[in-house]
Each structure stands twice: as C-alpha cells, then as structure tokens.
Ligand SMILES: Nc1ncnc2c1ncn2[C@@H]1O[C@H](COP(=O)(O)OP(=O)(O)OP(=O)(O)O)[C@@H](O)[C@H]1O
Ligand SMILES: [Mg+2]
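Residue numbers (the numbering used here), protein chains in the order written: chain A, 14 to 303; chain B, 96 to 397.
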C-alpha cells in the first residue's frame with residue numbers, strides 16, 4: 014500500500030502573471046486576466062467566484078489542457094505543458110469509463126504506467142477500501158449512485174500518487190447529505206496522502222469547510238479579488254459550521270461574491286433590456302434594487 | 096453480498112459514520128427468506144409477465160399469419176393481388192421436407208452463407224479500423240470522406256455489371272457486392288460513434304497518464320463499440336439484400352439463385368421456401384451479431 018500512496022509531500026503549484034483568452038469568431042474572449050495564485054505543498058486551496066468567471070479555465074490550465082495566453086504555470090518548478098499523471102483531476106461530470114468496472118477504472122492510471130496486473134489489482138483494492146468502496150469493485154459505474162461515482166473518480170485520480178489533485182466542482186451534482194459525506198471523505202484522503210489540492214466550487218460553505226485558504230475571483234474577465242486564509246482548526250467537524258468564526262468568514266466571502274455576481278449579472282441584464290423582467294429601475298442601479 | 100455491514104475498513108481510516116453512510120448499497124439487498132418452489136415460480140411469473148405476454152401474442156400472430164396465408168391460397172383469392180399460383184403453407188412445408196434431404200439445396204445455403212461470411216467479415220475488418228482512424232485523424236478523414244460520400248449512395252446492386260468486369264470470377268464479384276453493401280453502414284456508424292466520444296473521458300485518460308495509443312485503445316474504441324455494433328447489424332442486413340440481388344442476377348449458386356431458378360422452373364413452392372430460408376438466415380445472422388455485441392460489451396447488458 015505504501016508504495017502506491019507514497020507521496021514525497023511535494024506539489025507546489027505556482028501560477029504567475031496568468032491570463033487566458035479563448036479565440037472565437039468575434040475575436041478573443043478574455044476569460045482570465047492577470048492572475049497569481051499558489052498552492053503550497055500539502056495545502057488545500059479553494060477557488061470561488063461567480064459563474065463564468067474563469068474558475069474552470071484556470072484549473073484546466075493547471076491541469077495542462079489549456080495553454081496560458083500569457084504567464085506561466087509551474088508545479089515544483091517544472092513548467093506545465095500538457096496533461097500528466099502528476100496532476101490528478103476530478104471532473105464535475107462523473108467521467109468514469111463506463112466500459113470498465115470500478116476496480117478497472119481505479120487501475121487505469123497504474124496500467125498506463127505499466128504496473129503488472131496483480132500488483133495494480135492489490136493497489137486498487139487498498140484504495141477502494143479507503144473510500145469504503147471495496148464491495149463495489151466489480152460493478153460497472155452505471156449502477157452506482159452519484160456520490161459513489163464521484164468517490165471512484167477521486168480514488169482513480171489518487172491511485173497514481175499525483176503531486177496535486179485538481180477538482181472542478183466535483184460535488185456540484187450531489188444532494189446536500191451526500192455532499193457533506195463526500196467532503197469528509199475528501200478531507201480524510203487529503204490528510205492521509207498529504208497531497209496539495211486545488212478545489213473549484215461555487216459553494217462558499219464547502220470552500221470554507223475544506224480549505225486552508227480560499228481565493229475569490231472577480232467577474233469575467235476573472236482575476237483574484239481576494240485571498241482569505243481559513244484559520245479554523247483541524248480536524249473540522251460539521252458543528253463548526255455554526256461557530257461565529259465560521260459565520261464571520263462566510264459573511265465576508267458572501268459579500269465579496271455577491272458584489273461580483275451582481276456585476277456579472279448586471280451587465281447581462283442591461284444587455285437584455287429590463288422590460289422583460291418587469292422591474293422599474295428609476296435611475297437606481299440593479300444592486301440597489303435587489 | 097454488498098451489505099454495508101460487511102464492508103471492512105482499516106483501523107485508522109475515516110470516521111465510521113462516514114463509511115457506513117457512504118457505503119450504502121446501490122440497490123436494496125433482497126431479504127433472504129428461504130422461498131418455496133411455488134413462491135419462486137410465482138415471483139418469476141410476475142417479473143416476466145410482460146415478456147410472457149409478448150411471446151404468447153407473437154406466437155398467436157404467427158399462427159394467424161399462416162392461417163390467412165392458408166385460406167388465401169386454398170380459395171385462390173383474386174382481389175387486386177392474385178393468389179392463384181401462390182403455394183400454400185402445406186405445399187411449402189412439403190417442399191421443405193424434401194429439400195433438407197437434397198444436398199443441392201444445402202449447398203445453395205452453405206454457399207450463400209460463405210459469401211456473406213467473407214464479404215461481411217471483409218467489410219468489418221476494413222470498415223471498423225478505417226472508421227476509427229478517420230475519426231481520429233483529420234487528414235485521413237478529409238481525404239477519404241468525400242470519396243466515401245460519393246460512392247455511398249450507389250446501391251450495391253448497381254455495382255453488379257462493374258463487379259463482373261472488375262473481378263475474374265463470378266464468385267469474387269458476388270462477394271465484392273456483398274462487401275460493398277455492408278461496408279458503408281459499418282464505416283458510417285463507426286465514424287458516428289467516434290464523433291460522439293465524450294471529450295471529458297479523453298481528458299480523464301490524459302491526466303491519468305494515457306498516451307495517444309492507449310487513449311485510442313482504452314477510450315475511443317470502447318466508447319464507439321455500441322455504434323460499431325449498430326453498423327454491423329445494419330451492414331449485415333444490407334449484405335443479405337446485396338447478396339440475394341447479386342445471386343439472382345449473376346449467380347450460379349446460392350439461395351438467391353435457388354429462389355430465382357424455382358420461378359424459372361415453375362416450382363412455385365420452392366420460391367416461398369427460398370424466401371423463408373433467406374428470412375431465417377438473415378434473422379440468424381443478426382442474432383449472432385447481437386450476441387457478439389453482448390459478449391463484447393458486458394457493461395451494457397442490464
Ligand atoms: N471554449 C470557449 N470559447 C469561448 N469562450 C469560452 C470557452 N470556454 C469558456 N469560455 C468563456 O470563458 C469564461 C470562463 O469560463 P469558465 O468555464 O472558466 O467559467 P467558470 O468560472 O468555470 O464558470 P462556471 O461556474 O459556470 O463553471 C466564460 O464566460 C465562458 O463563457
Ligand atoms: Mg466551471
């Protein structure tokens with residue numbers, strides 16, 4: 014087991030002077046501008062921000078799926094230029110291979126690395142056990158619930174012992190109860206593996222509950238609006254979400270995001286014209302009305 | 096087997112509540128009360144009620160079909176369509192009993208099957224890989240697609256004269272026509288399957304360390320399999336259509352030739368026998384493909 018999970022506790026992510034523009038017919042669409050973020054080895058960092066602000070874009074650039082227009086992404090000093098097993102990724106859409114059983118899905122990364130069958134079977138079983146999934150190793154993903162699928166997704170991404178784990182709204186499609194359980198499982202795995210995590214979400218509670226640090230992004234074109242350390246002690250309990258400390262952090266982040274969301278929405282609504290919405294603005298800004 | 100209580104976990108793992116909660120079985124495990132034969136039979140009946148009903152109705156409808164056929168032919172009905180010379184089911188059955196002892200009839204069937212086997216196999220062996228490669232490499236697609244699009248609408252039967260010119264023997268030209276008939280459905284469906292591969296799965300494979308070759312083998316190919324099998328099923332149907340036409344026009348042997356010959360020789364019962372044989376063979380071969388599909392894609396069988 015230890016060889017599989019062996020992690021040299023590295024995984025220092027650096028994103029510097031980053032900007033990314035999508036080329037479209039109407040010209041370049043600036044998704045992210047002038048962004049600096051970093052994740053220290055073993056740190057859990059979240060990115061929150063209004064819809065469409067470029068969170069996924071940033072994460073996909075760290076994964077190596079997108080090339081920055083300007084700036085540089087490095088992991089442990091090595092420039093990222095393409096996807097690799099060093100950076101595990103979990104997607105919002107469950108992205109399991111439907112033609113592989115749960116165990117075969119988890120084994121995939123090890124198979125790509127050329128590990129012999131018996132060895133990778135053993136490794137996959139150990140990891141599935143950690144996530145409480147060993148009873149389902151022979152099931153095809155189709156038969157699993159959403160929460161289980163996503164657990165398999167996380168285990169699969171961790172199986173190759175990546176330096177960093179990237180998650181793009183992994184629990185977005187799950188119900189509230191399952192979400193809480195998944196957050197706990199993720200925290201557990203993270204603490205055992207001492208891996209760096211970059212986590213994208215639009216759920217503020219989730220971001221605070223999980224993270225050591227939260228980046229809040231501005232509306233598109235996205236950049237970092239604020240960086241909020243989360244000094245809550247670990248291990249964290251569900252009950253902490255009622256503490257005054259938690260609520261204060263929540264209020265702070267809420268107002269930051271609200272500002273940006275209104276900015277993003279205000280633009281759109283003005284573009285559409287307000288008639289259809291049946292709201293009389295009388296010279297007030299949208300923020301005032303709402 | 097998947098009861099949560101049985102899930103073992105290491106001593107120092109996550110909180111037990113999380114595990115117990117998290118490992119709820121996807122479906123409730125059936126209560127294991129030892130059931131008598133009677134209750135099992137009853138349960139089986141309830142679970143399969145729909146299928147039993149469909150089977151019963153299917154059999155009844157086939158019997159009705161035979162009955163109508165029988166009545167139409169015994170009374171030699173002429174009502175727009177003339178049933179005067181149409182053989183009755185009993186006459187066809189009589190010619191069937193003699194035919195199965197006739198080595199010539201069996202040879203016709205075997206030859207048709209052989210032509211289908213060779214022509215269809217070639218179509219699958221060429222069409223599937225070509226479709227996969229065209230789906231993955233733009234240049235190959237750009238070069239081959241226009242030609243395929245021009246040739247595709249030409250029915251295989253229209254190739255008969257050309258095939259006779261192209262190939263030295265009759266046998267080869269018939270196999271060629273069978274091949275052509277099944278080739279395009281296979282190619283087009285494989286291409287379609289490739290175009291529908293979920294890009295997220297490709298990305299998932301990439302960040303698990305998969306290279307181009309592995310992605311092709313582990314993602315594109317299995318993801319396209321359902322459409323490949325659709326193509327094979329359609330291709331098999333068209334292969335029979337093309338084969339029978341080719342045999343009727345240019346053949347010397349084969350079940351299509353047998354049917355046509357029966358007409359020339361005024362053996363009306365054999366016409367219907369030939370037709371039914373073609374139908375049964377077509378049905379059998381498409382069942383074979385469906386079976387192969389279930390074997391190759393275990394994740395799709397429910
Ligand atoms: N391929 C593309 N071409 C053009 N524009 C794009 C493309 N992908 C994303 N965008 C735009 O870039 C912006 C950022 O997109 P991105 O998906 O990164 O946002 P996000 O913060 O992840 O949003 P969400 O919360 O909805 O997931 C969006 O406004 C989007 O419309
Ligand atoms: Mg996104």
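The C-beta atom is built at its ideal place from N, Cα and C for all residues, glycine as well.
- Screening all residues for a C-beta within a distance smaller than 7 Å of any heavy atom in ligand 2 leaves A:68, A:69, A:181, A:182 and A:213, in chain order.
- Three or more Cβ pairs drawn from the region 164 to 175 of chain A and the region 113 to 132 of chain A lie within less than 8 Å of each other, which places the two stretches in contact.
- A direct Cα-Cα distance of roughly 19 Å separates residue 365 of chain B from residue 208 of chain B.
- The beta carbon of residue 267 of chain A does not come within 8 Å of any beta carbon belonging to chain B, so the residue lies off that interface.
- With the rule of 3 Cβ pairs closer than 8 Å, the region 83 to 99 of chain A does not count as touching the region 234 to 251 of chain A.
- When distances are taken from the beta-carbon of residue 229 of chain A to the heavy atoms of ligand 1, even the shortest one reaches 7 Å or more.
- Looking at B:217, B:264, B:239 and B:202, the one whose alpha-carbon comes closest to that of residue 275 of chain B is B:217.
- Assignment of alpha helix (DSSP H) within the region 196 to 275 of chain B, counting only whole runs of 4 or more residues, yields 198 to 231, 233 to 246 and 255 to 261 in chain order.
- Counting the other Cβ atoms within 10 Å of the Cβ of residue 135 of chain B gives fewer than 16, which makes it exposed.
- Around residue 104 of chain A, the beta-carbon contacts reaching into chain B at under 9 Å are 295, 298 and 299.
- In this structure, residue 233 of chain A has its CB closer than 7 Å to one or more heavy atoms of ligand 1.
- For the region 223 to 239 of chain A, the beta-carbon criterion of a distance under 8 Å to any beta-carbon of chain B is satisfied by none of its residues.
- When rounded, the separation of the alpha-carbon atoms in residue 233 of chain A and residue 42 of chain A is 10 Å.
- If you check each beta-carbon in the region 68 to 80 of chain A against every beta-carbon of chain B, the ones closer than 9 Å belong to 73, 76, 77 and 78.
- Ranked by Cα distance from residue 109 of chain A, the options B:359, B:222 and B:298 are led by B:298.
- The beta carbon of residue 226 of chain A lies closer than 6 Å to those of 58 and 242 in the same chain, with the five residues before and after it left out.
- If you draw a straight line from the Cα of residue 319 of chain B to the Cα of residue 247 of chain A, it comes to about 46 Å.
- Residue 36 of chain A is bridged by DSSP to A:41.
- Contact between residue 66 of chain A and residue 278 of chain A does not hold, since their C-beta atoms are separated by about 12 Å, which reaches or exceeds 8 Å.
- Two segments are said to touch when three or more pairs of C-beta atoms, one from each, lie closer than 8 Å; by this definition the region 312 to 332 of chain B does not touch the region 141 to 149 of chain A.
- Taking the Cβ of residue 107 of chain A as the reference point, every heavy atom of ligand 1 lies at 7 Å or farther away.
- Listed along chain B are 293, 295, 296, 298 and 299, each with a C-beta nearer than 9 Å to that of residue 108 of chain A.
- Taken atom to atom, the span from the alpha-carbon of residue 162 of chain A to that of residue 154 of chain A is near 6 Å.
- Taking a C-beta cut-off of 7 Å against chain B, none of the residues of the region 241 to 263 of chain A qualify.
- Chain-ordered listing is empty here: chain B has no CB closer than 8 Å to the CB of residue 174 of chain A, the nearest sitting near 11 Å.
- Close to residue 35 of chain A, with beta-carbon spacing below 9 Å, lies no residue of chain B; the smallest spacing is near 16 Å.
- Distance from the C-beta of residue 64 of chain A to the nearest heavy atom of ligand 1 is below 7 Å.
- Counting the other Cβ atoms within 10 Å of the Cβ of residue 154 of chain B gives fewer than 16, which makes it exposed.
- Here residue 210 of chain B is not near residue 383 of chain B, since their CB atoms are 8 Å or more apart.
- Taking a Cβ-Cβ cut-off of 8 Å, the neighbours of residue 155 of chain A in chain B comprise 394, given in sequence order.
- It is roughly 53 Å from the alpha-carbon of residue 275 of chain A to the alpha-carbon of residue 130 of chain A.
- Setting aside the 5 residues that flank it on each side, residue 340 of chain B is surrounded in the same chain by 252, each with a C-beta closer than 6 Å to its C-beta; the list follows chain order.
- Between the alpha carbons of residue 132 of chain A and residue 268 of chain B lies a gap of roughly 53 Å.
- DSSP places residue 317 of chain B inside the alpha helix (DSSP H), whose first and last residues are 316 to 345.
- Distance from the C-beta of residue 273 of chain B to the nearest heavy atom of ligand 1 is not below 7 Å.
- With 16 or more neighbouring CB atoms inside 10 Å of its own CB, residue 272 of chain B falls in the buried class.
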